[in-house]
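What follows is one structure encoded as structure tokens, with my remarks underneath.
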Amino acid sequence: MRHEFRVRVGPAAFRIGSDWAAPVRQMRDLYADYPIADFTDFTVRLEAVSPLRRFIRPSVAINGDYMLPDAAPLPLDQGLLAAEMGMNLQMALGWRRQLILHASAAERGGKAMIMTGASGSGKSTLSAMLGQAGWRFMGDEFALIDPVTGDAVPYPRMISLKNQAIAAMRSAAPDARFGPLMHDTPKGDIRHMVPPEEAISRMDERAKPALLLFPRFGYAPAVREMGAGEVFMRLTQASTNYVALGEAGFTVLTRFVEQVPARAIDYQSGEEAIALAEQLWAELA
Amino acid sequence: MTGLLPFETRYRAEKAADIIIRPLDVMTLVYHRRSGITHIVAQPVPEILLAMAGKVMNAAELAAKLAQEYDMDDNADVHAVLSERLEELASLGLVEPVHAP
Numbered sequence: 134m135r136h137e138f139r140v141r142v143g144p145a146a147f148r149i150g151s152d153w154a155a156p157v158r159q160m161r162d163l164y165a166d167y168p169i170a171d172f173t174d175f176t177v178r179l180e181a182v183s184p185l186r187r188f189i190r191p192s193v194a195i196n197g198d199y200m201l202p203d204a205a206p207l208p209l210d211q212g213l214l215a216a217e218m219g220m221n222l223q224m225a226l227g228w229r230r231q232l233i234l235h236a237s238a239a240e241r242g243g244k245a246m247i248m249t250g251a252s253g254s255g256k257s258t259l260s261a262m263l264g265q266a267g268w269r270f271m272g273d274e275f276a277l278i279d280p281v282t283g284d285a286v287p288y289p290r291m292i293s294l295k296n297q298a299i300a301a302m303r304s305a306a307p308d309a310r311f312g313p314l315m316h317d318t319p320k321g322d323i324r325h326m327v328p329p330e331e332a333i334s335r336m337d338e339r340a341k342p343a344l345l346l347f348p349r350f351g352y353a354p355a356v357r358e359m360g361a362g363e364v365f366m367r368l369t370q371a372s373t374n375y376v377a378l379g380e381a382g383f384t385v386l387t388r389f390v391e392q393v394p395a396r397a398i399d400y401q402s403g404e405e406a407i408a409l410a411e412q413l414w415a416e417l418a
Numbered sequence: 382m383t384g385l386l387p388f389e390t391r392y393r394a395e396k397a398a399d400i401i402i403r404p405l406d407v408m409t410l411v412y413h414r415r416s417g418i419t420h421i422v423a424q425p426v427p428e429i430l431l432a433m434a435g436k437v438m439n440a441a442e443l444a445a446k447l448a449q450e451y452d453m454d455d456n457a458d459v460h461a462v463l464s465e466r467l468e469e470l471a472s473l474g475l476v477e478p479v480h481a482p
């Protein structure tokens with residue numbers, strides 16, 4: 134490929150190839166403090182939909198080791214988003230070393246708080262805010278659970294902020310570095326934020342899962358206890374590789390559900406969410 | 382099926398080593414090693430799988446075996462309930478109908 138970039142995020146090493154210079158330049162800038170591995174787990178290719186489309190209304194097709202056949206191409210000014218989506222796809226479909234939960238995570242005192250929920254639940258913003266409030270940010274998209282030890286393995290990729298969360302984090306973390314603001318993406322406005330320095334320098338440091346939250350944004354503050362059966366069911370839905378891991382997945386997930394206390398929380402602002410999370414952490418973790 | 386007929390269907394259950402049964406509050410998880418599928422089940426399914434493990438039984442034989450190990454409700458139509466559960470377990474692949482020659 135014309136342009137190439139390599140990066141390691143937590144345990145996963147990526148090679149990004151691109152027909153265009155711009156997305157690779159943006160990634161080099163945002164991932165400047167990340168290590169580069171001497172091996173590659175996954176390759177992502179950002180390719181012109183057709184040779185001419187490299188120049189005329191350029192349109193980026195996301196290809197790689199693992200692909201979704203019907204993924205819509207993105208315009209070139211969303212090339213960085215295409216690369217991030219490609220990296221997520223490789224992890225979601227191809228990663229086998231740990232159980233993947235679609236969840237964010239933050240660490241304090243060697244213990245991890247895991248937050249899972251659908252897109253829009255606020256898990257990404259919540260982890261980013263915790264990263265500004267005395268916690269170590271571990272990841273905003275995937276929590277990786279080691280099948281042998283049960284530890285949470287950090288995956289601190291660029292924090293993907295959407296819509297209102299962009300302004301919220303700009304004011305909460307004025308010194309942080311941000312990527313370009315991308316309008317009208319399939320998920321609205323998106324802007325990437327570089328995780329705090331500590332999240333990157335300590336990305337190989339694991340933590341013991343100690344609290345699992347199911348946040349839900351937009352409802353009056355409330356805490357609900359959850360039965361182990363419900364938690365198990367929701368985590369199988371939140372995992373992209375539970376079935377692929379077979380018995381190892383069953384063993385690690387049942388142990389996780391038995392050992393980690395879980396609560397559903399509703400909240401209407403970041404401050405409320407942080408306060409609820411801190412309160413539950415003090416009681417349960 | 383009435384269950385009283387002499388040709389009542391018999392089922393062969395998975396061996397104990399081929400399933401993992403993990404109780405989780407009000408439900409029970411059953412991991413089926415041969416298919417890699419996780420089933421979420423309620424009583425009396427775990428009891429049935431444990432009682433039948435590796436053996437061939439029909440509903441009447443299963444009812445007799447369960448009666449030895451558990452307090453059964455005398456008023457319930459145990460036989461009909463077990464026949465239904467066995468059919469469901471067969472559709473999940475956890476037991477297999479055995480057809481007489």
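Chains as they are written, first to last, in the working numbering: chain H, 134 to 418; chain C, 382 to 482. Cβ coordinates follow ideal geometry from the N, Cα and C atoms, glycine included.
Decide if the segment 423-442 of chain C is in contact with the segment 398-408 of chain C; the criterion is three or more beta carbon pairs, one per stretch, under 8 Å apart. yes
Whole angstroms are fine: how far does the CA of Glu274 (chain H) sit from the CA of Phe138 (chain H)? Along the first sequence, read from residue 1 onward, the residue named residue 138 (chain H) stands at position 5. Along the first sequence, read from residue 1 onward, the residue named residue 274 (chain H) stands at position 141. Taking the straight line from one Cα to the other gives about 21 Å.
Which residues, taken in chain order from the segment 402-421 of chain C, show a beta carbon closer than 7 Å to some beta carbon of chain H? Arg403, Leu405, Asp406, Val407, Met408, Leu410, Tyr412, Arg414, Gly417, Thr419, Ile421
Exposed or buried, which one is Pro329 (chain H) when buried takes at least 16 other CB atoms within 10 Å? Your numbering for residue 329 (chain H) matches position 196 in the first sequence. It is buried - the Cβ of Pro329 (chain H) has at least 16 other Cβ atoms within 10 Å.
Thinking C-beta only, is Gly250 (chain H) closer than 8 Å to Arg357 (chain H)? What you label residue 357 (chain H) is simply residue 224 of the first sequence in a count that begins at 1. What you label residue 250 (chain H) is simply residue 117 of the first sequence in a count that begins at 1. No. Outside cutoff.
So is Pro289 (chain H) buried or exposed if we call it buried at 16+ other beta carbons inside 10 Å? Taking the first residue of the first sequence as 1, we reach residue 289 (chain H) at position 156. Classification of Pro289 (chain H): buried, given that the 10 Å Cβ count is 16 or more.
So Ser260 (chain H) is in the alpha helix (DSSP H); what residue range does that whole segment cover? Taking the first residue of the first sequence as 1, we reach residue 260 (chain H) at position 127. Where Ser260 (chain H) is concerned, the enclosing alpha helix (DSSP H) stretches over 256-263.
DSSP puts Lys396 (chain C) in a beta bridge; with which residues? In the second sequence, the residue the question calls residue 396 (chain C) occupies position 15. Looking at the DSSP assignment, Lys396 (chain C) forms no beta bridge with any residue, so it has no partner.
Could you tell me the boundaries of the alpha helix (DSSP H) in which His235 (chain H) lies? For the purposes of this step, residue 235 (chain H) is identified with residue 102 of the first sequence, where counting begins at 1. For His235 (chain H), there is no enclosing alpha helix (DSSP H); the enclosing beta strand (DSSP E) covers residues 232-241.
Candidates H:Gln223, H:Val327, H:Pro206: which alpha carbon is nearest Gln265 (chain H)'s? Looking up residue 265 (chain H) in the first sequence gives position 132. Checked all of H:Gln223, H:Val327, H:Pro206; the closest Cα to Gln265 (chain H) is H:Val327.
Residue range of the beta strand (DSSP E) that includes Thr318 (chain H): Numbered from its first residue, the first sequence carries residue 318 (chain H) at position 185. Taken as a continuous stretch (DSSP letters only), the beta strand (DSSP E) holding Thr318 (chain H) covers 315-318.
For Phe383 (chain H), return the contacting residues in chain C, with the cut-off set at a CB-CB distance below 9 Å. As a working note, residue 383 (chain H) is residue 250 in the first sequence. What Phe383 (chain H) touches in chain C: Ile401, Arg403, Leu410, Tyr412, Gly417, Thr419.
Note down, in chain order, each residue of its chain lying with its Cβ closer than 6 Å to the Cβ of Ile398 (chain H), except the 5 sequence neighbours on either side. Here residue 398 (chain H) corresponds to residue number 265 of the first sequence, with the count starting at 1. So the list reads Leu346, Pro348, Val356, Leu409, once near-sequence residues are dropped.
Identify, in the order they occur along the chain, each residue of the same chain with its Cβ nearer than 7 Å to the Cβ of Arg335 (chain H), setting aside the five sequence neighbours on each side. Position 202 of the first sequence, counted from the first residue, corresponds to residue 335 (chain H). These residues qualify, in order along the chain: Arg269.
8 Å CB neighbourhood of Ala353 (chain H) in its chain, flanking five on each side removed: As a first step, residue 353 (chain H) must be located in the first sequence, where it is residue number 220. Correct list, in chain order: Asp399, Gln401.
Using 8 Å as the limit for Cβ to Cβ distance, is Glu380 (chain H) near chain C? Working through the first sequence from its first residue, we reach residue 380 (chain H) at position 247. Nearest CB-CB separation between Glu380 (chain H) and chain C: below the 8 Å threshold.
Distance cut-off 7 Å: Ala216 (chain H) Cβ against heavy atoms of the ligand COA: Annotation note on the ligand COA: not contained in the displayed structure, which lists no ligands.
What does DSSP give as the partner residue(s) for Phe311 (chain H) in the beta ladder? Indexing the first sequence from 1 puts residue 311 (chain H) at position 178. Phe311 (chain H) pairs with H:Met326.
Throw me the rounded Cβ distance for the Gly255 (chain H) and Ala406 (chain H) pair, which I believe falls under 8 Å. The residue given as residue 255 (chain H) occupies position 122 in the first sequence. The residue given as residue 406 (chain H) occupies position 273 in the first sequence. Sure, about 7 Å apart at Cβ, within 8 Å.
Ordered along the chain, which non-local residues of its own chain (more than five positions away) have a Cβ less than 7 Å from that of Lys295 (chain H)? On the first sequence, position 162 is the one that residue 295 (chain H) refers to. Result list for Lys295 (chain H): Lys320, Gly321, Asp322, Ile323, in chain order.
Within-8 Å CB hit, Gly362 (chain H) to chain C: Here residue 362 (chain H) refers to the residue found at position 229 of the first sequence. Judged by the 8 Å Cβ criterion, Gly362 (chain H) is in contact with chain C.
Check whether the Cβ atoms of Ala394 (chain C) and Ala434 (chain C) sit closer than 8 Å, and answer yes or no. The count along the second sequence starts at 1 and reaches residue 394 (chain C) at position 13. The count along the second sequence starts at 1 and reaches residue 434 (chain C) at position 53. Yes. Within cutoff.
Please compile the residues from chain C whose C-beta is within a distance smaller than 7 Å of the C-beta of Met366 (chain H). In the first sequence, residue 366 (chain H) corresponds to position 233, counting from 1. What Met366 (chain H) touches in chain C, judged by beta-carbon distance under 7 Å, is Ile421, going in chain order.
Closest to Gly351 (chain H) by CA distance: which of H:Gly253, H:Ser372, H:Ala395, H:Met262 is it? The residue you call residue 351 (chain H) lines up with position 218 of the first sequence. The shortest C-alpha separation from Gly351 (chain H) is found at H:Gly253.
Residue interval of the alpha helix (DSSP H) (run including His460 (chain C)): By one-based count along the second sequence, residue 460 (chain C) stands at place 79. 459-473 is the span of the alpha helix (DSSP H), which, as asked, contains His460 (chain C).
Do you know how far the Cα of Thr390 (chain C) is from the Cα of Gly143 (chain H)? Counting from one through the first sequence, the residue named residue 143 (chain H) turns up at place 10. Counting from one through the second sequence, the residue named residue 390 (chain C) turns up at place 9. Approximately 55 Å, taken between the alpha carbons.
Looking at the C-beta of Val182 (chain H), does it have a partner C-beta in chain C at a distance below 8 Å? Counting from one through the first sequence, the residue named residue 182 (chain H) turns up at place 49. So no, Val182 (chain H) is outside the interface.
Residue span of the beta strand (DSSP E) that contains Met501 (chain C), given as start and end: Residue 501 (chain C) is absent from the model: chain C starts at 382 and stops at 482.
Met160 (chain H) - DSSP class collapsed to helix/strand/coil: Mapped onto the first sequence, residue 160 (chain H) falls at position 27. Helix.
Opening and closing residue of the alpha helix (DSSP H) in which Val364 (chain H) lies: On the first sequence, residue 364 (chain H) is found 231 positions in, with the first residue counted as 1. That run of the alpha helix (DSSP H) goes 361-371.
Does DSSP classify Ala370 (chain C) as helix, strand or coil? For chain C, the structure presents residues 382 to 482; residue 370 (chain C) sits outside this window and is missing.
Span of the beta strand (DSSP E) holding Gln249 (chain H)? In the first sequence, residue 249 (chain H) corresponds to position 116, counting from 1. In the sequence as presented, Gln is not what sits at residue 249 (chain H); that position holds Thr. Looking at the DSSP string, the run of the beta strand (DSSP E) that includes Thr249 (chain H) is 244-249.
In its own chain, which residues sit with a C-beta less than 6 Å from the C-beta of Glu411 (chain H), not counting the 5 before and 5 after it? Along the first sequence, one-based indexing puts residue 411 (chain H) at 278. None.
For Met271 (chain H) and Ser151 (chain H), the rounded distance between their alpha carbons: Looking up residue 151 (chain H) in the first sequence gives position 18. Looking up residue 271 (chain H) in the first sequence gives position 138. If you draw a straight line from the Cα of Ser151 (chain H) to the Cα of Met271 (chain H), it is about 28 Å long.
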